[in-house]
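Visitor:
Residue numbers (the UniProt record's numbering): 1 to 251.
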């Protein structure tokens, strides 16, 4: 088959954080497919067809991309951040596995991007400098009981934690429950980073002790990072730095 399907990450928001590899794929694309606000980040041009769609039709979007690539088109499926982190790469492979066998002959490429977790961490310092985990707090595709289990186990393992999709208008109670669980399970004032709209003009960083964090500090444009028990703050005139040491003292 002559078509190409690229699954690309657009980074956290700033144009400077789109990789050259992704920019080149977009420049050669005949079709760009993705969630409405992500497709809106791609400039229209002659010969390019944009296919924006709703956020809850990932498998339909993936199947469309595979069909168009099978027809010989150069297709780019876009996600924010990195396409392999809570994004479209897994959806495309799920559709590929369930689809017709000839789709498996396609040239499929995953083009990594800078995910919000890494962009937020870099802006604040290095809170993910030691072992960490990433947890999607949305219960759209998994039960809340599983989220709760993973939160408790992550606290037990003393991971730093990065939280995607913390709080939306349709489910504001989720982050409220998660925050209450973390405050009870950790029982301390370890630092929590709220990094909103990182790399855009609306960027805002806030570091607060866990026991003083409130649900309204986060929305869907916020990456939340909770430090481990070892995470430290360096106070300085130019703004605090948050980091987790690479070594752990023996207890």
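Idealized CB from N, CA, C, for every residue including glycine. Computed from a predicted model, the values in this text were never measured in an experiment.
Would you check if the distance between the CB atom of residue 186 and the CB atom of residue 224 is smaller than 8 Å?
Guide: Cβ atoms of residue 186 and residue 224: not closer than 8 Å.
Visitor: Taking the alpha helix (DSSP H) that residue 60 falls in, what are its first and last residues?
Guide: Here the alpha helix (DSSP H) through residue 60 covers 58–70.
Visitor: Check each candidate in 137, 7, 30 and 150 and name the one with the smallest Cα separation from residue 93.
Guide: For residue 93, the nearest C-alpha among the options comes from 7.
Visitor: Helix, strand or coil for residue 125? Go by DSSP, reduced to three states.
Guide: Of the three classes helix, strand and coil, the one that applies to residue 125 here is strand, per DSSP.
Visitor: Any idea if residue 116 is buried or exposed, counting beta-carbon neighbours within 10 angstroms, 16 or more meaning buried?
Guide: It counts as buried.
Visitor: Tell me the residue span of the alpha helix (DSSP H) that contains residue 92.
Guide: Where residue 92 is concerned, the enclosing alpha helix (DSSP H) stretches over 88–98.
Visitor: Can you look up residue 36 in the DSSP assignment and give me helix, strand or coil?
Guide: Correct three-state label for residue 36: helix.
Visitor: Identify whether residue 162 lies in helix, strand or coil by the three-state DSSP scheme.
Guide: Of the three classes helix, strand and coil, the one that applies to residue 162 here is strand, per DSSP.
Visitor: Could you tell me whether the Cβ atoms of residue 49 and residue 78 are closer together than 8 Å?
Guide: Contact flag unset, no.
Visitor: Let me confirm a value: residue 234 is counted as buried when at least 16 other C-beta atoms fall within 10 Å, else exposed. Which label applies?
Guide: Under this definition residue 234 is an exposed residue.
Visitor: Using a Cβ-Cβ cutoff of less than 7 Å, which residues in the same chain neighbour residue 25 once the five nearest sequence positions on both sides are dropped?
Guide: The answer, listed in chain order, is 6, 8, 76 and 111.
Visitor: Could you give the C-beta distance for residue 205 and residue 123, rounded to a whole number, given that I count them as a contact under 8 Å?
Guide: Rounded, the Cβ-Cβ distance is 6 Å, consistent with contact.
Visitor: Express the C-alpha separation of residue 181 and residue 51 in angstroms, rounding to a whole number.
Guide: Cα to Cα, residue 51 sits roughly 40 Å from residue 181.
Visitor: By alpha-carbon positions, which one of 213, 121, 57 and 159 ends up nearest to residue 241?
Guide: The shortest C-alpha separation from residue 241 is found at 121.
Visitor: Quick check: the stretch 90–108 against the stretch 56–64, are there 3 or more CB pairs under 8 Å?
Guide: With the cut-off at 8 Å, the stretch 90–108 and the stretch 56–64 touch.
Visitor: With H, G and I counted as helix, E and B as strand and the rest as coil, what does DSSP make of residue 109?
Guide: Strand.
Visitor: Judging by CA-CA distance, which residue of 148, 35 and 31 is the nearest neighbour of residue 47?
Guide: Cα-wise, what sits closest to residue 47 is 31.
Visitor: Going by alpha carbons, who is nearest to residue 199 out of 183, 64, 221 and 216?
Guide: Taking only the C-alpha atoms, the option nearest residue 199 is 221.
Visitor: Please return the same chain residues whose Cβ sits closer than 6 Å to the Cβ of residue 253, not counting the five positions on each side in sequence.
Guide: Missing from the structure shown is residue 253; the chain here goes from 1 to 251 and no further.
Visitor: Look up residue 136 in the DSSP assignment and give the residues it is bridged to.
Guide: 164.
Visitor: Quick one: using the 10 Å Cβ neighbour count with 16 as the cut-off for buried, is residue 135 buried or exposed?
Guide: Classification of residue 135: buried, given that the 10 Å Cβ count is 16 or more.
Visitor: Residues in the same chain with beta-carbon distance under 7 Å from residue 86, minus the five sequence neighbours each way, listed in chain order, please.
Guide: The answer, listed in chain order, is 136 and 164.
Visitor: Rounding to the nearest angstrom, what Cα-Cα distance links residue 81 and residue 236 in this structure?
Guide: Taking the straight line joining both Cα atoms gives about 30 Å.
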